[in-house]
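A short write-up of the structure that comes next.
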Amino acid sequence: GDSVTQMEGPVTLSEEAFLTINCTYTATGYPSLFWYVQYPGEGLQLLLKATKADDKGSNKGFEATYRKETTSFHLEKGSVQVSDSAVYFCALSGLTGGGNKLTFGTGTQLKVEL
Amino acid sequence: GAGVSQSPSNKVTEKGKDVELRCDPISGHTALYWYRQSLGQGLEFLIYFQGNSAPDKSGLPSDRFSAERTGESVSTLTIQRTQQEDSAVYLCASSLLTALPTPQHFGDGTRLSIL
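Just so you know, the protein sequences line up as chains A and B, in that order. Counting along the first sequence from 1, when you hit position 82 you're at 82 in the working numbering, and nothing is skipped either side. Counting along the second sequence from 1, when you hit position 104 you're at 104 in the working numbering, and nothing is skipped either side.
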């Protein structure tokens with residue numbers, strides 16, 4: 001079945017550092033890929049998405065490129081801020097008879113310090 | 001409001017009791033999903049509704065779990081004879097139904113604690 005593997009946390013960075021959170025996936029067909037973010041005390045929010053190979057999703061300074069050859073969708077940001085502290089989830093969704101259910105990675109907690 | 005609304009936000013109950021969780025999706029969203037977020041299992045899919053029917057119930061962990069949706073709107077997730085391992089945050093999400101996967105909008109969840 002479909003699965004998503006992402007790097008374990010917590011990841012602790014200093015403000016303005018470069019961020020990479022690795023995500024790889026296993027799926028049949030051509031899934032869509034997503035990054036969701038969960039800020040402390042809040043619900044899951046969509047951060048960015050990509051629907052086909054070589055697409056780049058971007059939002060709030062975050063980027064991720066859909067790499068079919070390496071089955072990866074790594075999340076990057078050039079300069080993190082304290083306000084980026086949150087848990088980040090990589091997810092995939094494929095069209096199946098069961099709709100577009102999401103398969104999530106385990107989540108990576110990011111802590112950004114001054 | 002314009003978002004997905006879930007109630008109650010917190011529920012504490014004794015082992016063996018039944019609980020009912022409610023989800024109000026975004027108006028016009030045909031697709032509705034239930035997920036469970038727990039420490040040991042991460043985020044897991046439970047059930048998917050297309051309109052009022054549920055073509056995918058594959059994630060329901062046991063026959064103690066059931067869900068229904070009426071009027072292509074409100075959905076309820078019922079857990080009978082609750083067990084301690086049912087303690088988790090239950091998340092509801094809704095989306096439009098199109099040819100390509102569209103982003104799902106999540107509610108804030110119901111935190112269920114079984115004593």
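Ideal Cβ positions, reconstructed from N, Cα and C, are used throughout, including at glycine.
query                                                                                                                                                                 : result
If we call anything under 7 Å between Cβ atoms a contact, is Y123(A) one with L102(A)?                                                                                : Since the first residue shown for chain A is 1 and the last is 114, residue 123(A) is missing from the structure and cannot be characterised.
Run through DSSP, which three-state label would V87(A) get?                                                                                                           : strand
So with Cβ pairs under 7 Å, would you call L43(B) a contact of chain A?                                                                                               : yes
Are any of the Cβ atoms in chain B nearer than 7 Å to that of T106(A)?                                                                                                : yes
Residues bridged to F111(A) by DSSP?                                                                                                                                  : The sequence as given places Lys at residue 111(A); Phe does not occur at that position. T12(A).
Output the distance between the C-alpha atoms of E69(A) and P61(B), rounded to the nearest integer angstrom.                                                          : 34 Å
Indicate whether at least one CB of chain B lies closer than 7 Å to the CB of N100(A).                                                                                : yes
By DSSP's criteria, N52(B) is part of a beta bridge. Which residues make up the other side?                                                                           : Paired residues: none, contrary to the question.
Note down, in chain order, all residues in the segment 12-43 of chain B with a beta-carbon under 7 Å from any beta-carbon belonging to chain A.                       : A31, Y33, G42, L43
Flag this pair as yes or no: are the beta carbons of L43(B) and F104(A) separated by less than 7 Å?                                                                   : yes
Using only CA atoms, which one of L46(B), G28(B), V4(B), A2(B) lies nearest to A88(B)?                                                                                : L46(B)
In terms of alpha-carbon separation, which member of V4(A), T5(A), I21(A) lies closest to T12(A)?                                                                     : I21(A)
By a C-beta neighbour count over all protein chains shown, 10 Å radius and 16 as the cutoff for buried, is Y30(A) buried or exposed?                                  : exposed
Would L19(A) count as contacting chain B if we go by Cβ distances under 7 Å?                                                                                          : no
By DSSP's criteria, N59(A) is part of a beta bridge. Which residues make up the other side?                                                                           : F62(A)
Do you know offhand how far F89(A)'s Cα is from C92(B)'s?                                                                                                             : 16 Å
Using DSSP bridges, identify the partner residues of T76(B).                                                                                                          : R22(B), E68(B)
I'd like to know whether the C-beta atoms of G94(A) and A27(A) end up nearer to each other than 7 Å.                                                                  : yes
Over what stretch of residues does the beta strand (DSSP E) that includes Y90(B) continue unbroken?                                                                   : 88-95
Apart from the five residues just before and just after P10(A), which ones in its own chain have a Cβ nearer than 6 Å to its Cβ?                                      : Q109, K111
Going along the chain, which residues of the segment 38-54 of chain A sit with their C-beta nearer than 8 Å to a C-beta in chain B?                                   : E42, G43, L44, Q45, L46, K49, T51
Is Q6(B) helix, strand or coil by DSSP?                                                                                                                               : strand
Should the segment 48-58 of chain A be regarded as contacting the segment 20-33 of chain B, the criterion being three or more beta carbon pairs within less than 8 Å? : no
Does the separation of the CB atoms of H29(B) and S95(B) fall below 7 Å?                                                                                              : yes
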